[in-house]
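A quick write-up on the structure given underneath.
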Amino acid sequence: MKIGIDVIKFYTARYYLEANDLAQSRDVDSGKYFKGLGIKKISVMPPDEDIITMAANAGKEVLRYVDINKVDMLLFATESGVDQSKSSGMWVHKLLNLPETCRVVELKQACYSATAAIRMAFAMVYQNPESKIMVIASDNARYELNSPGEPTQGCGAVAMIISTNPRVLSLQNKAGVYAKDAMDFWRPNYRTEPFVNGGYSIELYLKALSESWKQYSLISGNLFDQHYKFCYHSPFPKMAEKAHAHLFKENNNHEIDKSLLKTEISGSLKYGRIIGNTYTASLYICLISLLENTKENLAGKIIGLYSYGSGCIGEFFSVVIEAGYKEVISAELHDKLLNTRQRVSISQYEAYHNFSDKMVEGNHNIPHYEDGQFRLFGFKDHMRLYEELE
Ligand code: CAA
Numbered sequence: 011m012k013i014g015i016d017v018i019k020f021y022t023a024r025y026y027l028e029a030n031d032l033a034q035s036r037d038v039d040s041g042k043y044f045k046g047l048g049i050k051k052i053s054v055m056p057p058d059e060d061i062i063t064m065a066a067n068a069g070k071e072v073l074r075y076v077d078i079n080k081v082d083m084l085l086f087a088t089e090s091g092v093d094q095s096k097s098s099g100m101w102v103h104k105l106l107n108l109p110e111t112c113r114v115v116e117l118k119q120a121c122y123s124a125t126a127a128i129r130m131a132f133a134m135v136y137q138n139p140e141s142k143i144m145v146i147a148s149d150n151a152r153y154e155l156n157s158p159g160e161p162t163q164g165c166g167a168v169a170m171i172i173s174t175n176p177r178v179l180s181l182q183n184k185a186g187v188y189a190k191d192a193m194d195f196w197r198p199n200y201r202t203e204p205f206v207n208g209g210y211s212i213e214l215y216l217k218a219l220s221e222s223w224k225q226y227s228l229i230s231g232n233l234f235d236q237h238y239k240f241c242y243h244s245p246f247p248k249m250a251e252k253a254h255a256h257l258f259k260e261n262n263n264h265e266i267d268k269s270l271l272k273t274e275i276s277g278s279l280k281y282g283r284i285i286g287n288t289y290t291a292s293l294y295i296c297l298i299s300l301l302e303n304t305k306e307n308l309a310g311k312i313i314g315l316y317s318y319g320s321g322c323i324g325e326f327f328s329v330v331i332e333a334g335y336k337e338v339i340s341a342e343l344h345d346k347l348l349n350t351r352q353r354v355s356i357s358q359y360e361a362y363h364n365f366s367d368k369m370v371e372g373n374h375n376i377p378h379y380e381d382g383q384f385r386l387f388g389f390k391d392h393m394r395l396y397e398e399l400e
């Protein structure tokens with residue numbers, strides 16, 4: 011029985027910051043952002059956008075392709091949750107009019123939890139082949155102003171349906187996992203921005219890649235060359251390039267050629283270069299980018315995927331692309347979404363960034379910015395209030 015991703019779409023905020031503008035304002039050589047990190051633009055959330063509105067926008071697109079009444083579970087993956095108790099998925103459940111028989115839960119393990127959600131969905135669908143499970147990954151990758159992490163910010167959501175007879179790809183059951191308690195990146199409940207040990211986080215990302223790959227290749231029997239392309243969790247695109255070069259060297263005992271590096275992963279990085287980090291959604295935006303920006307037919311090809319979540323867990327797994335995938339991907343929709351965003355100045359960006367610090371009052375309306383189909387219009391008695399736009 012084939013189980014996998016039947017439909018997959020993403021959404022990102024309607025504003026962006028040019029990496030060049032940020033570099034100038036922070037008095038940094040723009041080469042560091044362009045070449046050193048691989049970033050051109052980052053998506054910026056206005057005050058009336060959040061992980062829930064982004065999730066609902068991505069989810070709405072997915073529901074165009076499936077019978078909503080068959081969706082019996084929503085797994086919401088995030089590391090920028092908005093409530094300590096209520097799952098962000100409950101608001102999405104309402105905004106999308108999901109059935110009352112649909113289970114909802116939020117999952118957390120830094121950038122990894124969407125992959126855990128997919129694994130869980132796989133097992134649930136295996137038990138009940140009629141089941142259609144919506145997995146949403148939505149995050150606001152937010153760092154302190156003027157910090158080293160600032161150019162690696164971004165925001166976005168991916169929604170997908172996991173089912174039998176998937177139209178996009180089948181998941182392979184054999185995966186390699188590496189887990190170890192570590193403090194490379196963490197955000198205590200009282201903080202709006204994380205603490206980051208940048209160099210250590212890169213070291214752990216690569217260690218977890220090596221270890222999870224070893225276990226994956228041992229139990230699956232798949233060799234490096236059997237993977238047609240690769241997608242990596244991408245906190246910044248250069249990290250994915252470093253990861254692929256690292257894995258190549260470990261498997262081939264010599265450095266990867268620049269053109270092979272490009273062939274094997276550059277399609278997956280096109281969207282991330284102009285969106286920025288999206289934490290849980292990042293790997294799956296890379297996957298969509300690969301599917302929508304690879305000219306040759308990927309049907310039947312094996313793609314290797316690496317998911318990393320600080321703290322830390324790495325998982326290496328693979329998928330096989332299905333014959334009809336081109337009929338359910340949406341390059342035009344996503345291109346339009348990305349190319350119609352409005353550019354913000356540094357002062358606008360900083361004002362949006364600082365706005366969330368004011369959301370402690372519990373009773374206020376939020377001005378209307380450029381949005382997708384859903385917006386957060388305010389708070390009443392500490393309750394979040396959303397609306398769907400015409
Ligand atoms: N021209 C070209 N390249 C330049 C340059 C210039 N003028 N100036 C610097 N560079 C290069 C550097 O050589 C370096 O490249 P290499 O790593 O290949 O040597 C690169 O630009 C970055 O420079 P620095 O290492 O000096 O940058 P930094 O210390 O200011 O910060 C960072 C980099 C640690 C990634 C920081 O942005 C950060 O902390 N980011 C958040 C944490 C993160 O993303 N970690 C990744 C793994 S953890 C994870 O994946 C989970 C997650 O999503 C957060």
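Just add 10 to wherever you are in the sequence shown, counting from 1, and you've got the numbering used here.
All C-beta atoms, glycine included, are put in the ideal place defined by N, C-alpha and C.
N156: CB within 8 Å of a non-hydrogen atom of the ligand CAA: no
First through last residue of the beta strand (DSSP E) which encompasses Q323: Per the sequence shown, residue 323 should be read as Ile rather than Gln. Note, I323: beta strand (DSSP E), 323-331.
Status (buried if at least 16 other CB within 10 Å, exposed otherwise) for Q119: buried
Beta-carbon proximity list for A255, same chain, < 8 Å, skipping 5 on both sides: E265, I266, L271
Residue span of the beta strand (DSSP E) that contains F384, given as start and end: 384-390
Straight-line Cα distance separating S227 from G310: 19 Å
Cβ shell of S211 (< 7 Å), same chain only, five flanking positions each side left out: D194, F195, S320
Check: H243 C-beta below 8 Å from any heavy atom of the ligand CAA: yes
Beta-carbon contacts of E371 that lie in its chain and below 8 Å, excluding the five residues immediately before and after: F389
Extent of the continuous beta strand (DSSP E) run through C241: 239-242
C-beta atoms of I298 and F20 nearer than 9 Å: yes
Residue range of the unbroken beta strand (DSSP E) whose run includes F86: 81-87
Per DSSP, cross-strand counterpart(s) of W196: F205
beta-carbon V168 near the ligand CAA non-hydrogen atom, thresh 8 Å: no
Distance cut-off 8 Å: Y281 Cβ against heavy atoms of the ligand CAA: no
CA-to-CA distance, F258 to E325, given in whole angstroms: 17 Å
C296 - containing alpha helix (DSSP H), residue span: 292-303
Segment limits, alpha helix (DSSP H) that includes M162: As written in the sequence, residue 162 is Thr, which differs from the Met given in the question. From DSSP, T162 is part of no alpha helix (DSSP H); its letter is neither H nor E.
7 Å Cβ shell around A192 - same chain, five flanking residues per side excluded: L214, G321, C322
Same chain, Cβ closer than 7 Å to G166, five either side skipped, listed in chain order: F20, Y21, T22, S53, M64, I285, T288, A291, I295
Presumed contact (8 Å Cβ cut-off) between Y188 and S222, rounded CB distance: 5 Å
Anticipated Cβ contact below 8 Å, L301 with L308, distance rounded: 7 Å
According to DSSP, residues forming a beta bridge with V187: E325
Residue(s) in a DSSP beta bridge with E116: F86
According to DSSP, residues forming a beta bridge with D149: G166
Near the ligand CAA: I212 beta-carbon under 8 Å from a heavy atom: yes
Sequence-distant residues of the same chain with beta carbon closer than 6 Å to Q225, five excluded per side: G186
First and last residue of the uninterrupted alpha helix (DSSP H) at V17: V17 -> not in any alpha helix (DSSP H); beta strand (DSSP E) instead, spanning 13-21.
Bridge partner(s) assigned by DSSP for S53: Y26
In chain order, each alpha helix (DSSP H) run of at least 4 residues that lies wholly inside the stretch 266-292: 268-285
Best match in G382, L386, N364 for proximity to N373 [C-alpha to C-alpha]: L386
At least three beta-carbon pairs within less than 8 Å, the stretch 138-154 to the stretch 61-76: yes
Interface flag, D267 vs chain B, CB-CB below 9 Å: No chain B appears in this structure, which consists of one protein chain only.
Sub-9 Å separation of S90 and I128 beta-carbons: no
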